[in-house]
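Q: For what it's worth, our numbering labels the leading residue of the sequence shown as 71, then goes sequentially.
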Amino acid sequence: MGSRINRVLASGLVLLAVACAENNDAPPARNAISVKAPPMTGPVQEFLEHRRLLGGPDDFGMLVMIEVLNDEYLLVGDAAGNLHLGVVDIGRGTMMARFGSHGEGPREFQGPHRVARDPASDDTWWVYDFPSWTWTPVTMQGDASSWSIGERYSMEGMPPVPETPVWIGENEALVHGMFADFAMARVTFDRNRRVTNWNPVEVPLPFKDLPEPGKRQLNRSFVAVRPSGGFAVAFQYDNEIELRDEHGLLTSRVTGPREVTPDYFFDDEGRFHWGENDDNGYIGAYGTERAFYLLWCGGAECPTMAIHQFDWDGNLVREFGISGVLAFAVSSNDDRMWGFMHENIPPLIGEWDLSN
71 MGSRINRVLA SGLVLLAVAC AENNDAPPAR NAISVKAPPM TGPVQEFLEH
121 RRLLGGPDDF GMLVMIEVLN DEYLLVGDAA GNLHLGVVDI GRGTMMARFG
171 SHGEGPREFQ GPHRVARDPA SDDTWWVYDF PSWTWTPVTM QGDASSWSIG
221 ERYSMEGMPP VPETPVWIGE NEALVHGMFA DFAMARVTFD RNRRVTNWNP
271 VEVPLPFKDL PEPGKRQLNR SFVAVRPSGG FAVAFQYDNE IELRDEHGLL
321 TSRVTGPREV TPDYFFDDEG RFHWGENDDN GYIGAYGTER AFYLLWCGGA
371 ECPTMAIHQF DWDGNLVREF GISGVLAFAV SSNDDRMWGF MHENIPPLIG
421 EWDLSN
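1. Beta-carbon within less than 7 Å of Phe335's beta-carbon, same chain only, minus the 5 sequence neighbours each way: which residues are those?
2. Measure the alpha-carbon distance for Val258 versus Ile219 and round it to whole angstroms.
3. For Glu357 and Glu339, what's the separation of their Cα atoms in angstroms?
4. Here's the rule I'm using: 16 or more other beta-carbon atoms within 10 Å means buried, otherwise exposed. How should Gly126 be labelled?
5. Tell me whether Asn403 is buried or exposed, calling it buried when 16 or more other Cβ atoms sit within 10 Å of its Cβ.
6. Could you give the residue range of the beta strand (DSSP E) that holds Ile238?
7. Taking the DSSP output, what are the residues bridged to Asn367?
8. Among Tyr352, Val271, Leu396 and Thr321, which has the Cα closest to the Cα of Arg328?
9. Using 8 Å as the threshold, is the stretch 134-148 in touch with the stretch 391-410, meaning 3 or more CB pairs across them?
10. Out of Ala397, Ala149 and Ala376, which has the shortest C-alpha to C-alpha gap to Phe179?
11. What residues match up with Leu155 in a beta bridge as DSSP calls it?
12. Do you know offhand how far Arg296's Cα is from Ser425's?
13. Hey, could you find the ends of the beta strand (DSSP E) Ile130 is sitting in?
14. Count the other C-beta atoms from every protein chain shown that fall within 10 angstroms of the C-beta of Gln115, then say buried if there are 16 or more, exposed otherwise.
15. Assign Phe200 to buried or exposed, taking buried as 16 or more other Cβ atoms, counted over all protein chains shown, within 10 Å of its Cβ.
16. For Gly181, count neighbouring C-beta atoms within 10 Å of its own C-beta (all shown protein chains included) and say buried if the count is 16 or more, exposed if not.
17. Note down the Cα distance separating Gly156 from Asp337, rounded to an integer number of angstroms.
18. If you reduce the DSSP assignment to three classes, tell me which class Ser216 lands in.
19. At the level of alpha carbons, what is the spacing between Asn350 and Glu310?
20. According to DSSP, is Leu124 helix, strand or coil?
21. Report the rounded CA-to-CA distance for Pro270 versus Ala190, giving the unit in angstroms.
22. Report yes if the C-beta distance between Tyr363 and Ala304 is below 8 Å; otherwise report no.
23. For Asp260, collect the residues of the same chain with a Cβ closer than 6 Å to its Cβ; drop the 5 residues on either side in sequence, then sort them by chain order.
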């Protein structure tokens, strides 16, 4: 049986593209330390139930992105059905505004998949839209109905599927994702946020000697960003997690606490196929100032799911089990988590209490 989780994840990947350059400059190497979490071989000991549900019966199709705007609102990206960027009132648990549904016009999106806060403005977020292959600035001041939707920028020419962009300067970002031959690209922009250049950054790939398309799919990665600078990178099918500073330099490698083993094969004609247990591994990441969180799937169709919470020194703080979650986000003070419960009928956003 094919993997539902991987099909959902694949449908939620953004094709970001920019003008190609031949510059292969990489950031200077830094001696990295290794942090190994104690191995866990038994079942997940702590399981958390959601304490309430947010949203209505017709609010969500398939959320591929949840972002905490502040203590009051969540920003969500819907890649199925409604195809919109939505704003959820946390206190009321209701959808308060939508942008999109037809993908046409200045306030429409075809499928918003990723957002990143602009380093030059606390009120502006960049929205990555698929399949239009564009990014759009959204300035969020005042009521959501009055937010300013800026000019869209086409991103054609770059190898596909980056994950969350990480700003390392006012006009420079690193993008990480499902590239075939490299794991990270450095992208530079002019003052209007138009792409001026990009080049690969040398990052070891877990699976680098396989043919396409298997190599691209097996090297899928997820990024947790620290607001003050720095980020963690988790490959779905590798148990080693990278910690990098605000300049993108490697500072440490962390060994995760659970087994991560891909299940795949090539047929007689060399075509790539997923096996029955291909969901095993990391399928999501999120960062706060104090911690980063990785969503772990324990097998085909994720019969077991867990959140691994690490501090930014790479120490495992906590493991707790959850069920039926894809996109997720954590509050700035690490006391609440929200996750898209895609198996719920209707699909809604669950809220978990992390304070205990």
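Even for Gly, the Cβ is constructed at its ideal location relative to N, Cα and C.
A: In brief:
1. His343 and Gly345
2. A small fix is needed here, since residue 258 is Thr in this sequence, not Val. Whole-angstrom Cα-Cα distance: 22 Å.
3. Note on identity: in this sequence residue 357 is Gly, with Glu being the wrong assignment. Approximately 42 Å, taken between the alpha carbons.
4. exposed
5. exposed
6. Val236 to Gly239
7. Inspection of the sequence shows that residue 367 is occupied by Cys rather than by Asn. Gly351 and Met375.
8. Tyr352
9. yes
10. Ala149
11. Gly147 and Phe169
12. 20 Å
13. Before going further, note that residue 130 is Phe rather than Ile in the sequence given. Run containing Phe130: none; DSSP gives neither H nor E here.
14. exposed
15. buried
16. buried
17. 42 Å
18. helix
19. 14 Å
20. strand
21. 24 Å
22. no
23. Thr266
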